[in-house]
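Below: the structure, in structure tokens.
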Amino acid sequence: MISFLCLSSCTPSAPTVEKELYPPKEPIAIPVQTIEGLDNAKEEKGPPQESELLSEVRTSSSSFNPEKDEELAILYRLPRKSKTEVTIYDPDFTTIRTIDSKGFLKAGQHTFIWDGRDLSGKVVPDEAYFFVITAEDENGNTQTYDPTVFSGGEGNDITQANVDPDTKVITYRLPVMARVLIRLGVQDGPLLRTLVDWQPRVAGEITEYWNGKDQDNVIDLLNHSRFKMLITYFTLPENSVITYGNRTVDYRGYKESLGAKRPVKDRTVRTEVLVSPHYQLPRTVDYSPMLALSLSNVKSYEHGDVPILQGKTLVKVDIDEPDKSFFVNQQYEITLFLDTEFYTEQEMGYVPFNWVWDLSGVSEGEHILTVNLSGFKDQIGVLSKTVKVMN
Numbered sequence: 003m004i005s006f007l008c009l010s011s012c013t014p015s016a017p018t019v020e021k022e023l024y025p026p027k028e029p030i031a032i033p034v035q036t037i038e039g040l041d042n043a044k045e046e047k048g049p050p051q052e053s054e055l056l057s058e059v060r061t062s063s064s065s066f067n068p069e070k071d072e073e074l075a076i077l078y079r080l081p082r083k084s085k086t087e088v089t090i091y092d093p094d095f096t097t098i099r100t101i102d103s104k105g106f107l108k109a110g111q112h113t114f115i116w117d118g119r120d121l122s123g124k125v126v127p128d129e130a131y132f133f134v135i136t137a138e139d140e141n142g143n144t145q146t147y148d149p150t151v152f153s154g155g156e157g158n159d160i161t162q163a164n165v166d167p168d169t170k171v172i173t174y175r176l177p178v179m180a181r182v183l184i185r186l187g188v189q190d191g192p193l194l195r196t197l198v199d200w201q202p203r204v205a206g207e208i209t210e211y212w213n214g215k216d217q218d219n220v221i222d223l224l225n226h227s228r229f230k231m232l233i234t235y236f237t238l239p240e241n242s243v244i245t246y247g248n249r250t251v252d253y254r255g256y257k258e259s260l261g262a263k264r265p266v267k268d269r270t271v272r273t274e275v276l277v278s279p280h281y282q283l284p285r286t287v288d289y290s291p292m293l294a295l296s297l298s299n300v301k302s303y304e305h306g307d308v309p310i311l312q313g314k315t316l317v318k319v320d321i322d323e324p325d326k327s328f329f330v331n332q333q334y335e336i337t338l339f340l341d342t343e344f345y346t347e348q349e350m351g352y353v354p355f356n357w358v359w360d361l362s363g364v365s366e367g368e369h370i371l372t373v374n375l376s377g378f379k380d381q382i383g384v385l386s387k388t389v390k391v392m393n
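Quick note on numbering: the numbering used here labels position 263 of the sequence shown as 265, and the sequence is numbered without any gaps.
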């Protein structure tokens, strides 16, 4: 049985790692701050290098909204006359846009302007992007600023967070720009919600909105006596920038819609630090799949959607249609819980998964059946359903 409290580097057989992150007993003052509210220019400089062609690389902002015609300035300094080119990449290292200096530039401070559009003129989906700059002087000497060579992918955990018992708002401080995972569930029990699924966040005080319940809104999770929360992250490459405001298409839909294949940058294998395995996975497949559950031998329904069961019923667990193409033909650990207590499991199985549930040992009344479907690359699908048993 896998516990949702595994870190991102865990496999399904890894031991549980617990985080003591309880909601406070008294309301606390929660600063209202989201990704959109953090707009501080970053002052990081490029990596230490001996070359003298390119320095003082930074951005005007950590995030911007292209849908409102906002733009990002990519700033850098040239010590002598050179021509430059910047290539912007998506999180899967695919080329989004290339902008060149249109000839040689004199020594001094210079700026590339990116309007948040790709090479076809479309506004990019909400995501984190990074860039590579190349400079070449009049003698043919070149230097490249590539942040993925020396930054990005380092995993860590957040060990302090607050939950407001009234608003259910979660706040925590992120020390660096990173991709964040927040899992909520029950100690020694099921994962019940993936609140933030490896989404990019800027550095600083972060606010996450939650209603206090599980993914299917049937369990009062915040007030559960064994409520637990995991917040973990891995760093983004230096000078990454987050775009927001695109309500037309999400990242997976955008990638599916691309026509001609675009150039993909080689990934640098960093060996000087421990890199999260999630950093190497494509963003189009590294997420929690949605599940579907069906029951046979339903006698009737109560309150419109609560199935009344008796005797034996066939429980069928499958991956929802939109996600099937990404997760087909993989093995999973499939664990079932009844009223947040372990019930049964299949350590290595495929979907659709069929299980005959003998209800003779289950007490009469309403119960909550929860399924955790855990991939061996740490993607976990979750589903909870209220049922009524009559013997």
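Beta carbons: idealized from backbone N, C-alpha and C, even for Gly.
C-alpha distance - residue i paired with residue j, whole-angstrom precision
i	j	result
Lys70	Tyr235	29 Å
Ser153	Ile135	15 Å
Pro177	Leu238	12 Å
Asp159	Lys301	47 Å
Asp168	Asn225	11 Å
Pro149	Tyr131	11 Å
Asn64	Glu129	Before going on, a small fix: residue 64 reads as Ser here, not Asn. When rounded, the distance between both Cα atoms is 12 Å.
Ser376	Val266	30 Å
Val391	Ile370	11 Å
Trp200	Lys318	28 Å
Ser362	Gly247	52 Å
Leu193	Ser290	11 Å
Thr161	Gly123	42 Å
Pro324	Ala205	32 Å
Gln145	Ile115	20 Å
Leu232	Lys215	15 Å
Thr273	Glu366	57 Å
Gly383	Ile321	8 Å
Tyr174	Leu276	23 Å
Val243	Glu72	13 Å
Thr342	Ile221	9 Å
Ser298	Gly306	17 Å
Lys326	Val182	24 Å
Residue i vs residue j beta-carbon contact at 8 Å
i	j	result
Ile184	Glu210	yes
Gly191	Phe355	no
Leu74	Ala137	no
Lys108	Lys83	yes
Arg254	Asp94	no
Thr1	Val308	In the structure displayed, the chain extends from 3 to 393; residue 1 sits before or after that span and is not available.
Asn241	Arg60	yes
Leu223	Arg195	yes
Ala163	Ile172	yes
Glu140	Phe106	yes
Met350	Glu335	yes
Burial state of residue i (16 or more Cβ within 10 Å)
i	result
Leu311	buried
His280	buried
Asp166	buried
Asn143	exposed
Tyr303	exposed
Val88	buried
Thr113	exposed
Asn393	exposed
Contacts around residue i, its chain only, beta-carbon distance under 6 Å, and the 5 residues preceding and following it disregarded
i	result
Tyr256	Pro127
Asp252	Pro127
Pro17	Low confidence applies to Pro17: its pLDDT is 29, below 50, so where it sits in the model is not reliable, and the reading given next is rough at best. Taken in chain order, the list of residues that qualify is empty.
Asp360	Lys314
Leu385	Leu293, Leu295, Val373
Trp2	As displayed, the chain neither begins before 3 nor continues past 393, which places residue 2 out of reach and without an answer.
Tyr328	Residue identity differs from the one stated: residue 328 is Phe in this sequence, not Tyr. The answer, listed in chain order, is Val287.
Ser103	Lys85, Thr86
Gln111	Arg79
Gln333	Met350
Glu258	none
Own chain partners of residue i with C-beta closer than 7 Å, once the 5 adjacent residues on each side are dropped
i	result
Glu54	Pro81
Arg264	Thr96, Thr97
Asp120	Ile98, Arg99, Val126
Arg249	none
Leu197	Ile184, Leu186, Glu210, Trp212
Phe339	Gly191, Pro192, Tyr345, Thr372
Leu283	Lys379
Gln381	Asp288, Tyr289, Ser290, Pro291
Other residues of its chain near residue i: CB distance less than 8 Å, five sequence neighbours each side excluded
i	result
Asn331	Tyr352
Thr270	Asp148, Thr150, Val151
Asn213	Lys170, Asn219
Tyr91	Thr97, Ile98, Tyr131, Phe132, Phe133, Val134, Lys267
Pro68	Asp117, Gly118, Arg119, Val125, Val126, Thr245, Gly247, Asn248
Interface flag, residue i vs chain C, CB-CB below 8 Å
i	result
Val151	Within the model displayed, chain C is absent; a lone protein chain is all it includes.
### Message
Which complete beta strand (DSSP E) runs does the stretch 239-294 hold, if anything under 3 residues is left out?
### Response
243-245
Q.
Ignoring anything shorter than 3 residues, give me the beta strand (DSSP E) runs that lie fully in the stretch 318-376, in order along the chain.
A. 334-340, 343-351, 355-360
task = Let me know the beta strand (DSSP E) ranges lying completely inside the stretch 120-151, each 3 residues or longer, listed in chain order.
result = 129-139, 144-147
Next item on the list: Quick one: which unbroken beta strand (DSSP E) runs of 3-plus residues sit fully inside the stretch 155-195? Chain order, please.
Entry: 157-159, 172-176, 180-188
### Message
So within the stretch 47-111, which uninterrupted beta strand (DSSP E) runs reach at least 3 residues, ignoring any that extend past its ends?
### Response
57-61, 74-80, 84-91, 97-102
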